Amino acid sequence: MRVFLDLMWFFKTRKRHYIFGILMLVCVTLLSLVPPQIVGRLVNDIRNKSLTPHILAVWLLIIGIIAFTMYVLRYFWRILLFGSAVQLSTLLRRQLYDHFTRMSPKFYQEHRVGDLMAHATNDISAVESTAMDGILTLVDSLTSGTLVIATMALTISWKLTLIALLPMPIIAVTTQFYGTILHRRFTKAQAAFSDTNDKVQENISGMRVIKAFGQEDAEEAAFAELTEDVVAKNLAVAKIDALFDPTIGIVVALSYFLSFGAGAWFVAHGQLNLGQLTTFSIYLGQLIWPMLAFGWLFNIVERGRASNDRIRILLGTKTDIVDRKDAVDATPSGDILYNVEEFRYPNASEPTLRDIRVTLLRGSTLGIVGRTGSGKTTFLRLLLREFDVEHGDIAIGGRSIYHTTLDSLRSAVAYVPQDHFLFSATIADNIAFAAPDKPLSAIQEAARDAQIHEDILRFPLGYATLVGERGVTLSGGQKQRISIARALLMNAEILILDDALSAVDARTESHILESLRRNRSHKTTIIATHRLSAVEHADLILVLDEGAIVERGSHQELLQLHGVYQKMWDRQQLESMVEEGGIA
Amino acid sequence: MSVEADLLPPEETTSFRGNVALRLFAYARPQKWTLLGAFILLVIATLGNVIGPILIERFIDNFLELRRFPFQPIATLAGTYLGLQIVSSICQYHQLVRFQTAALRIIRKIRQDVFGHVQHLGLAFFDKMPTGSLISRITNDTEAILDLFVSVLSTFIQTIVQLTGIFVAMFYLDAHLALYCLFLAPLIYGIIRLYRTLSARIFHITRHRLSLLNAKMNESLQGMYIIQAMRQQQRLRGEFGHINEAYRSSRMRNIRMNGLMLRPLVDLVYFLTLMTIIFFFGHASFRTTVNIGVLYAFVNYLEQFFEPVNNMMQRMTLFQQAMVSSQRVFHLLDETEYAPAADPSYRGDMAPAVTEGRIEFRNVSFSYDQKTDVLKNISFTAEPGQTVALVGHTGSGKSSIVSLLMRFYDNYRGDILIDGVPLSAFEDTELRSKLGLVLQDPFLFVGDVTHNIRLGRHELTDEQVEAAARFVQADRFLKKLPNGLKEPLGERGSTLSAGERQLLSFARTMVGEPKILILDEATASIDTETEEAIQEALENMRRGRTTIAIAHRLSTIQDADLILVLHRGEIVERGTHQELLSTGGLYYKMYMLQSGAAALPSPVSTRTADIFS
Chain A
130 MRVFLDLMWF
140 FKTRKRHYIF
150 GILMLVCVTL
160 LSLVPPQIVG
170 RLVNDIRNKS
180 LTPHILAVWL
190 LIIGIIAFTM
200 YVLRYFWRIL
210 LFGSAVQLST
220 LLRRQLYDHF
230 TRMSPKFYQE
240 HRVGDLMAHA
250 TNDISAVEST
260 AMDGILTLVD
270 SLTSGTLVIA
280 TMALTISWKL
290 TLIALLPMPI
300 IAVTTQFYGT
310 ILHRRFTKAQ
320 AAFSDTNDKV
330 QENISGMRVI
340 KAFGQEDAEE
350 AAFAELTEDV
360 VAKNLAVAKI
370 DALFDPTIGI
380 VVALSYFLSF
390 GAGAWFVAHG
400 QLNLGQLTTF
410 SIYLGQLIWP
420 MLAFGWLFNI
430 VERGRASNDR
440 IRILLGTKTD
450 IVDRKDAVDA
460 TPSGDILYNV
470 EEFRYPNASE
480 PTLRDIRVTL
490 LRGSTLGIVG
500 RTGSGKTTFL
510 RLLLREFDVE
520 HGDIAIGGRS
530 IYHTTLDSLR
540 SAVAYVPQDH
550 FLFSATIADN
560 IAFAAPDKPL
570 SAIQEAARDA
580 QIHEDILRFP
590 LGYATLVGER
600 GVTLSGGQKQ
610 RISIARALLM
620 NAEILILDDA
630 LSAVDARTES
640 HILESLRRNR
650 SHKTTIIATH
660 RLSAVEHADL
670 ILVLDEGAIV
680 ERGSHQELLQ
690 LHGVYQKMWD
700 RQQLESMVEE
710 GGIA
Chain B
51 MSVEADLLPP
61 EETTSFRGNV
71 ALRLFAYARP
81 QKWTLLGAFI
91 LLVIATLGNV
101 IGPILIERFI
111 DNFLELRRFP
121 FQPIATLAGT
131 YLGLQIVSSI
141 CQYHQLVRFQ
151 TAALRIIRKI
161 RQDVFGHVQH
171 LGLAFFDKMP
181 TGSLISRITN
191 DTEAILDLFV
201 SVLSTFIQTI
211 VQLTGIFVAM
221 FYLDAHLALY
231 CLFLAPLIYG
241 IIRLYRTLSA
251 RIFHITRHRL
261 SLLNAKMNES
271 LQGMYIIQAM
281 RQQQRLRGEF
291 GHINEAYRSS
301 RMRNIRMNGL
311 MLRPLVDLVY
321 FLTLMTIIFF
331 FGHASFRTTV
341 NIGVLYAFVN
351 YLEQFFEPVN
361 NMMQRMTLFQ
371 QAMVSSQRVF
381 HLLDETEYAP
391 AADPSYRGDM
401 APAVTEGRIE
411 FRNVSFSYDQ
421 KTDVLKNISF
431 TAEPGQTVAL
441 VGHTGSGKSS
451 IVSLLMRFYD
461 NYRGDILIDG
471 VPLSAFEDTE
481 LRSKLGLVLQ
491 DPFLFVGDVT
501 HNIRLGRHEL
511 TDEQVEAAAR
521 FVQADRFLKK
531 LPNGLKEPLG
541 ERGSTLSAGE
551 RQLLSFARTM
561 VGEPKILILD
571 EATASIDTET
581 EEAIQEALEN
591 MRRGRTTIAI
601 AHRLSTIQDA
611 DLILVLHRGE
621 IVERGTHQEL
631 LSTGGLYYKM
641 YMLQSGAAAL
651 PSPVSTRTAD
661 IFS
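Quick look at the structure:
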């Protein structure tokens, strides 16, 4: 029950909802005690022939009023209590989302998106169900349980009540017992189901291999085996699940049996009348639910507590990239200075960058080349403060980026990442992602500079075409050019292109580079690339290998070194010949 | 931004629903005996529930009212009551289990059918269909149908049987009053219908918004680095908050709807019926004597009456979800884009076999989308035992040649012949066992090393598996694994290096001793140690086999009997290594550069000597 205390902060914010809701719930229980009394009186009146049309009309009227009042109360407590639970899950979901937007890449290295999604869906719904069904069950079973039993004992017979209640604890005990076994078996059944899911996933992803080796039938057999397992595991669940109803049935029957046996004896000895016995048996029926609910409550609360704890832990994680106390809130501008002794990723044994010392004059273009894994992307990520350097510093315009607020630092940098991520929105929205207020004319201008305008016009709805799962499928080159347009529209002082031209052909690449030179004459551009033609005109080119700068200089200087750079250049020249159709 | 419009879902298509119900029914048919058994048990169990109050009525009216307590009849009555309850509970239990058994078996059959069907669809189908939604059809949608059978169907049947039983008992006790109570049936039916109609739309909107919400969360998590780099956290929080709020408001509508229509309303009906019964008995008592026991029984039945009704109404939404899912599953089952198979018109006296391994392409052209040709007039011959190397840039058509030879697609123009026999004449098993394909991505399955080499070919002995591993030089690294060949591999073999994975995929191909080898060499960066092993393995593998290789490695290309230089779907140069060198064309230039680079150790080109890609 600790979870209710853990959620107290929320209950307090909706104090009035809970107080009124619970009051209404108690009123409903109190009202539901009345009709059985009426039926009992009626039985006695009928037996004694003392019933008059007037009395009958009054009874009926009272039941009618009670019924209607209960309907209204039931409706409103649902709004109050269930509505609050929904409010809780809405709030938690928003808190989680807000929290996610504050977390640094390190956090996303440590948590898989799938797991985070599971927290945001399953855990939140478990907490919601604790606040919804948990509270209802707790309040309802407590109040109606005690009230009904009290009424039975006080208005009818405490002896009979005691006798009738004898078998009732069996329900609470067995349902909780079944619940524990059920939970265990259910977990296994879920695991079996997720095994079949994994199999399907593997099968569909590996379809080419399966077909190449003619393994279709073997796969079918393997899958059939897994589905057998699912059936077996679920049957094990069903065998426990099916115990609930019959157990309750037997216990309730036993209870009725005892009440009528003992009740008859009391009636025969004049300690009870027939009407009271009838009332008693109706009350007995009203007790089944609270007993049942107590068994459930345990399971609901247990699950809710575990989920709530997980959400709390997640919300409690601190991000490692924060503004320092003395950080200046002004967009940085000027020469960029890298003075990095070494950088290693959290938990990495080897440094990813070593001895990186570079000065980049404002308005110049820096090219970074090197093999996959040589540290190009890391070089760029440090400038964006996705990770912080511990040994060394990076400064813009003479001020360390660590003495600038994150927000103003990032406002100075437009970033085109390697994996061109687009959002499921229109093309225009995607280009205007960083600057949603820009007019369409500016968006089109950026698209033209990124050489994607013509392509966009060919889509069915032009700039209003949706991309992503529900929209058109774009080629890799088109996605890259849209993300370039998105960065260009920011008009930032520093532009970073991380291998952002890999999927466009040579001619388009040179057009894009040309428009960059034209539009960004006084601004700084950093281009990391595999393709050397993209950095041919850069003021300075760094060749990285295993995290260190192995060659540096302009294109001409590097060619004269006859080193790594020159070899790469020759090879790529040839590749482009193949691209052009093999005309030597 | 069109967020507002998005919050309302598109209209759901309700076409051929009848058809769906019929097909679901067809799946239920094999389980008819189990279902019938469950039904009979259900009737017995219900009988027990229904007779109980009648026995109490007997007790009240015949003994308690009269203050007469003869031992014998009362003991019989009591014994009958308890016995009946126990029998009824046992029947109830078995009934529940049987319904579940039948439902689970039905779903197992549907799952196996869908999975099996998908296995025999062609790669052309997989090219079109997004993997995610295909997986969801086979798993989540069938799970929703399970709900239909497990909870919906059995609840509906139980409710109907129980209500019928109660009515029968009521008629037995007092036909006149029971007749009054009959008005409940249409009333409840009306409420259910009304609830279904009203809730369908709200439920649909809620579900739609939930999926928007999850999609937004998922997308934001994946693109968080962009959101942060572009400082759009604030705006995205706002957008998410908006959808979150919209979801909340439709949840509230749902709660209001349920508050108006579900349990509170059913309870109101309960009280109305109670008032009817009270009025009936009260009114009757003015004229005649009333049996108190009958009054008791009616009140008791009334209580039993409404629980199943509540249950049924709560399952309504599940039912609607299941019908939509069924429709999707059947849609997939109706897909007819099958994988190419042996053309029956070629079937002569006996199925053709691959004996020599001579491959011939004659004027082959091919297009994936029937619009742009990715292969144009490809002609070449690989004599038995020869190696043909395909070189060229990404997208030049190398992989398409391999896909056609593997008969992944069969809508090409021109002829492909193996040993002079058209490709389409071969049985699938013959092709798959004689053509050994090594893919660039060495896809590994969950399981141990042996499983990955053997795959489903159970006729292969452990010795053969081991020999194949040795043959491709995989034994060297396998020896280092704690469990050797029995070492379990993680998802996609993530515990192994790229080179080690590639060696396993070699072994997987070689263990079947194919006549023809089709290689798509890996370009992934491979450490020097395995690189050597791979070179050796490749040489061993090619020996004595016709080999078609998409080649990146100089050694493979150099040794080839025929080199085809492809560009944009056409063969632009062809010949042996020496011939191509002497013509001094493109190949010559590539070779000079490549060998020059290989002579000077540099991090760029020695490790993976891939000249194109």
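Chains as they are written, first to last, in our numbering: chain A, 130 to 713; chain B, 51 to 663. Heads up, the beta-carbon is just placed ideally off N, CA and C, and yes, glycines get one too. Here the structure is a predicted model, which is why all the values come from computation and not from measurement.
Do you know how far the Cα of Phe527(B) is from the Cα of Leu554(B)? Straight-line Cα distance between these residues: approximately 10 Å.
When you measure from the CB of Thr259(A) to every non-hydrogen atom of the ligand GTP, does any distance come out below 7 Å? Judged by which ligands are present, the structure shown has none, so any question about the ligand GTP falls away.
Rounded to whole angstroms, what's the CA-CA distance from Gln573(A) to Gln216(A)? Just pull it up for me. Spanning the alpha carbons of Gln573(A) and Gln216(A) requires a straight line of approximately 42 Å.
Since I believe Gly504(A) is in contact with Leu703(A) (beta carbons under 8 Å), could you give me their beta-carbon distance rounded to a whole number of angstroms? With a Cβ gap of about 26 Å, Leu703(A) and Gly504(A) do not count as contacting.
Buried or exposed by the 16-neighbour rule on C-beta atoms within 10 Å, applied to Thr219(A): Per the 10 Å Cβ criterion, buried.
DSSP-derived helix/strand/coil call for Val561(B): In the structure shown, Val561(B) sits in coil (DSSP, three-state: anything other than H, G, I, E or B).
When the Cα atoms are used, what is the spatial distance from Pro564(B) to Leu612(B)? In a straight line, the C-alpha of Pro564(B) is about 21 Å away from that of Leu612(B).
Counted within 10 angstroms of its Cβ, other Cβ atoms place Asn99(B) as buried (16 or more) or exposed: Buried, since its Cβ has 16 or more Cβ neighbours within 10 Å.
Val53(B) versus Asp374(A) - alpha carbon distance: The predicted position of Val53(B) is uncertain, since its pLDDT is 47 and thus under 50; no value can be drawn from it.
One or two residues paired with Asp570(B) in a DSSP bridge: Beta-bridge pairing by DSSP links Asp570(B) to Ile600(B).
For Pro532(B), which three-state DSSP category applies? Pro532(B) carries a coil assignment under DSSP once its states are collapsed to helix, strand and coil.
Flag this pair as touching only if the stretch 239-250 of chain B and the stretch 215-227 of chain B have three or more C-beta atom pairs under 8 Å; answer yes or no. Not touching, per the Cβ criterion.
Are three or more beta carbon pairs between the stretch 375-395 of chain B and the stretch 185-203 of chain B nearer than 8 Å? Touching, yes.
Assigned secondary structure, Val496(B) (DSSP; H/G/I helix, E/B strand, else coil): Coil.
On a Cα-Cα basis, can you pick out the residue from Tyr531(A), Thr533(A), Gln607(A), Ala593(A) that is closest to Asp548(A)? Of the listed residues, the one whose Cα sits closest to Asp548(A) is Gln607(A).
When burial is assigned at 16 or more other CB atoms within 10 Å of the CB, is His651(A) buried or exposed? So His651(A) counts as exposed.
Which of helix, strand or coil does DSSP assign to Val518(A)? It is coil, neither helix nor strand.
How far does the alpha helix (DSSP H) with Ser161(A) in it reach, from first residue to last? In this chain, the alpha helix (DSSP H) harbouring Ser161(A) covers 144-161.
Closest to Glu480(B) by CA distance: which of Val404(B), Val515(B), Gln364(B), Ser429(B) is it? The shortest C-alpha separation from Glu480(B) is found at Val404(B).
Residues from the stretch 362-373 of chain A in contact with chain B, defined by Cβ distance under 7 Å: For chain B, the residues of the stretch 362-373 of chain A that bring a beta carbon within less than 7 Å of one of its beta carbons are Asn363, Leu364, Ala367, Lys368, Ala371, Leu372, in chain order.
The alpha helix (DSSP H) spanning His226(B) covers which residue range? Counting along the chain, the alpha helix (DSSP H) containing His226(B) begins and ends at 225-231.
Measure the CB-CB distance between Val132(A) and Met199(A) and report whether it falls below 8 Å. At the C-beta level, Val132(A) and Met199(A) stay beyond 8 Å of one another.
Anything in chain B within Cβ reach of Arg660(A), meaning under 7 Å, just list it in chain order. The contacting residues do not exist; Arg660(A) stays about 13 Å from chain B at best.
Applying a beta-carbon distance threshold of less than 7 Å, which residues of chain A neighbour Arg551(B)? Simply none; closest approach about 12 Å.
Under a CB-based cut-off of 8 Å, is Gly166(B) close to chain A? Chain A contact via Cβ: present.
Contact set for Ile369(A): own chain, Cβ-Cβ below 7 Å, skip 5 residues either direction: Once the five neighbours on either side are set aside, the close Cβ partners of Ile369(A) are Tyr307, Ile310, Leu311, Arg314.
Cβ atoms of Gly166(B) and Glu349(A): under 8 Å apart, would you say? Yes, the pair counts as a contact, with Cβ atoms nearer than the cut-off.
Out of Arg593(B), Met302(B), Met179(B), Ile110(B), state which residue places its alpha-carbon closest to the alpha-carbon of Phe386(A). Nearest to Phe386(A) by alpha-carbon distance, out of Arg593(B), Met302(B), Met179(B), Ile110(B), is Ile110(B).
For Val218(B), tell me which candidate among Leu97(B), Arg148(B), Asp393(B), Val488(B) has the shortest Cα-Cα distance. Nearest of Leu97(B), Arg148(B), Asp393(B), Val488(B) to Val218(B), Cα basis: Leu97(B).
What does Met199(A) touch in chain B if you count any residue whose Cβ is under 9 Å from its own? Close partners of Met199(A) in chain B (Cβ separation under 9 Å): Pro314, Asp317, Leu318, Phe321.
State the DSSP-derived secondary structure class of Gly447(B), mapped to helix, strand or coil. Here Gly447(B) sits in coil by DSSP.
If we define contact as Cβ-Cβ less than 8 Å, is Ile670(A) a contact residue for chain B? Closer than 8 Å: no.
Pull up the DSSP beta-bridge partners for Phe416(B), would you. Per DSSP, Leu425(B).
Give the residues from the stretch 262-286 of chain B that approach chain A closer than 8 Å (Cβ to any Cβ), ordered along the chain. Residues Leu263, Asn264, Ala265, Met267, Asn268, Glu269, Ser270, Leu271, Gln272, Gly273, Met274, Tyr275, Ile276, Ile277, Gln278, Ala279, Met280, Arg281, Gln282, Gln283, Arg285, Leu286.
How about the stretch 284-303 of chain A and the stretch 383-401 of chain A: do they share at least three Cβ pairs that are nearer than 8 Å? Flag = yes, the stretch 284-303 of chain A and the stretch 383-401 of chain A touch.
Quick check on Arg158(B): does DSSP put it in helix, strand or coil? If DSSP states are grouped into helix, strand and coil, Arg158(B) belongs with the helices.
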